[in-house]
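Working notes, structure below.
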Amino acid sequence: MASKRDYYVILGVDKEASEDQIKQSFRSLARKYHPDKNPNNPEAEAKFKEIQEAYAILSNPEERRNYDRFGHERPGGSPFGSRGFQGVDISFDDLFGGGFESIFSQFFGGQQEDRTRGSDLLVRHSVPFQASMDGLEDEIEIEALKGCDSCNGSGSAKDGGSRQCPSCDGRGRIEEISMIGPFRQRVRKDCAPCRGSGRLISEPCPDCGGDGRALQTNRVKFSIMPGITSGNRLRMRGQGEASTSLNGSPGDLYIEIDVEPHPWFERDGSDLLMALPLNFADLTLGSTIEIPHIDSDVLRIIVPPGSNPGETISIPGRGLPYNHPRSRRGSVTVVLRLQSPNKPSRKLKKKIEEIRVELESFIPPVEERIRDEARSRRGL
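FYI, in the numbering used here the residues of the sequence shown are 68 to 447.
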């Protein structure tokens, strides 16, 4: 089994480092190795956990003194118990503020609030392709558990149809204390038997069966910004299901957007791609094509003379808007395609044959071109 590294070395500070220096080093390293910045990277994940463990010890004065005196061989074994340090869930945003202080305080006798929150909801909603250009004001109908209107979410059939909860003595909150190694964690949470109300229901509401919640159908309005892509999720705070706790907050509603395909455009981020079928004359002589565009202006495509199938024409600033900044737009890329007549008439066939004979005076036959290409590659 590999020996554990020195905590000071892990954080890149010396043993005389101040609390602020230790904190600053931890923030910097945690941002660098955070899982959100290093997805599917087990080495970075292990490094992030190692950094957390070092900070959990060196940021606590008493544990730091024990570590300075005994190192990893402190009396009584690991300060994190027999399973060792399991890591702490720190959001990336917490590392830019003071959020991680409250997270680590759970190891040092801190107190946490734990109110039961309603469940989040996820719905998928299709929008027309045009919404990617113009944005859209839209609404959906959802069915979710909301506070029962008949009992105002209390779950009781009538006033006085409840008694004091013996589990929390009517306070609606209970306190739990647990030990994580030598550290004490204190959590205040809603009382489960009374759902945080402090009262036990003796006569349940007939409409919700005492749950305090009932299925309701509501319409939710929302705005879609230009540049939206399939898979983007809109978060509607407080529009999810009601909490099972009387005093808990509702969950959120997430609307996942599915942008419908366009008849001729394909999308690549904010860029648009399209294939433009042209006949031989348009490719050889050049042409100007005008088509209706999704920004309500005509899209003018100038095909230069002597163009070949497979070549592309880029039209900047006529694609979809970027999210940030919204004033910028992507490009339209046009791929030229040769469209030959399916059933040419005899007259047309004769003319094409005459043109082919004349073209061979300008363009060598294909066999000769292949031989020339082979010679050039061999350096002959």
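Every residue, glycine too, gets a C-beta built ideally from N, C-alpha and C.
Predicted model only: the values in this text are computed from it and were never measured.
Beta-carbon spacing of residue i, residue j below 9 angstroms
{"i": "Met200", "j": "Ile361", "result": "yes"}
{"i": "Cys261", "j": "Cys232", "result": "yes"}
{"i": "Thr379", "j": "Asp338", "result": "no"}
{"i": "Ser234", "j": "Asn314", "result": "no"}
{"i": "Leu340", "j": "Glu333", "result": "yes"}
{"i": "Leu387", "j": "Pro317", "result": "no"}
{"i": "Pro408", "j": "Asn346", "result": "yes"}
{"i": "Thr355", "j": "Ser374", "result": "no"}
{"i": "Glu204", "j": "Ile291", "result": "yes"}
{"i": "Tyr134", "j": "Ile124", "result": "yes"}
{"i": "Ser269", "j": "Ser229", "result": "yes"}
{"i": "Gly397", "j": "Gly353", "result": "no"}
{"i": "Lys104", "j": "Ala111", "result": "yes"}
{"i": "Arg304", "j": "Leu189", "result": "no"}
{"i": "Thr183", "j": "Ser312", "result": "yes"}
{"i": "Pro359", "j": "Phe196", "result": "no"}
Local Cβ density within 10 Å of residue i, reported as buried at 16 or more and exposed below that
{"i": "Arg395", "result": "exposed"}
{"i": "Ile430", "result": "exposed"}
{"i": "Asp81", "result": "exposed"}
{"i": "Ser443", "result": "exposed"}
{"i": "Val370", "result": "buried"}
{"i": "Phe163", "result": "With a pLDDT of only 47 at Phe163, under the threshold of 50, the placement of this residue in the model should not be trusted, and no figure is reported."}
{"i": "Arg266", "result": "buried"}
{"i": "Ser85", "result": "exposed"}
{"i": "Leu426", "result": "exposed"}
{"i": "Leu78", "result": "buried"}
{"i": "Val326", "result": "buried"}
{"i": "Gly276", "result": "exposed"}
{"i": "Ile437", "result": "exposed"}
{"i": "Leu320", "result": "buried"}
{"i": "Ala97", "result": "buried"}
{"i": "Glu83", "result": "exposed"}
{"i": "Ser95", "result": "exposed"}
{"i": "Val76", "result": "exposed"}
{"i": "Asp257", "result": "buried"}
{"i": "Gly185", "result": "buried"}
{"i": "Ala121", "result": "buried"}
{"i": "Asp439", "result": "exposed"}
{"i": "Glu140", "result": "exposed"}
{"i": "Glu357", "result": "exposed"}
{"i": "Glu129", "result": "exposed"}
{"i": "Gly220", "result": "buried"}
Top-ranked residue by Cα proximity to residue i, from the options
{"i": "Pro376", "options": "Val402, Ile358 and Leu366", "result": "Val402"}
{"i": "Gly222", "options": "Glu208, Arg280, Ser193 and Asp236", "result": "Arg280"}
{"i": "Lys116", "options": "Arg136, Arg132, Phe93 and Ala441", "result": "Phe93"}
{"i": "Arg302", "options": "Asp349, Asp187, Pro328 and Gly202", "result": "Asp187"}
{"i": "Val365", "options": "Ala259, Ile382 and Gly353", "result": "Ile382"}
{"i": "Ala198", "options": "Val254, Ser297 and His139", "result": "Ser297"}
{"i": "Arg191", "options": "Arg184, Asp439, Gly185 and Glu206", "result": "Glu206"}
{"i": "Ile89", "options": "Ile209, Pro328, Arg445 and Asn127", "result": "Asn127"}
{"i": "Asp274", "options": "Arg367, Cys258 and Ala224", "result": "Ala224"}
{"i": "Ser70", "options": "Cys258, Arg132 and Gly138", "result": "Gly138"}
{"i": "Ile322", "options": "Val424, Val194, Pro102 and Ile368", "result": "Val194"}
{"i": "Tyr389", "options": "Glu130, Asp87, Gly202 and Lys414", "result": "Gly202"}
{"i": "Ile74", "options": "Arg131, Asp87 and His101", "result": "Reading the sequence as shown, one finds Tyr at residue 74 and not Ile. Among Arg131, Asp87 and His101, the Cα nearest to that of Tyr74 belongs to Arg131."}
{"i": "Ile419", "options": "Arg404, Ala348 and Lys99", "result": "Ala348"}
{"i": "Glu208", "options": "Phe289, Ser428, Arg385 and Arg367", "result": "Phe289"}
The ligand GDP heavy atom lying under 8 angstroms from the CB of residue i
{"i": "Leu212", "result": "Although the ligand GDP was asked about, the structure shown includes no ligands whatsoever."}
Tell me the start and end of each unbroken beta strand (DSSP E) in the stretch 209 to 242 that is at least 3 residues and wholly inside, in chain order.
-> 229 to 231
Evaluate the contact criterion for the stretch 210 to 220 versus the stretch 292 to 311: three or more CB pairs, one atom per stretch, below 8 angstroms.
-> yes
Are at least three pairs of beta-carbons, each pair with one atom in the stretch 278 to 297 and one in the stretch 238 to 245, less than 8 angstroms apart?
-> no
Quick one: complete beta strand (DSSP E) runs, 3+ long, within the stretch 283 to 336?
-> 300 to 303, 320 to 326 and 333 to 335
What are the uninterrupted segments assigned as beta strand (DSSP E) that are 3 or more residues long and contained completely in the stretch 354 to 413, given in chain order?
-> 354 to 359, 365 to 370, 379 to 382 and 399 to 405
Alpha helix (DSSP H) runs wholly inside the stretch 68 to 122, at least 4 long, in chain order | 74 to 78 and 86 to 100
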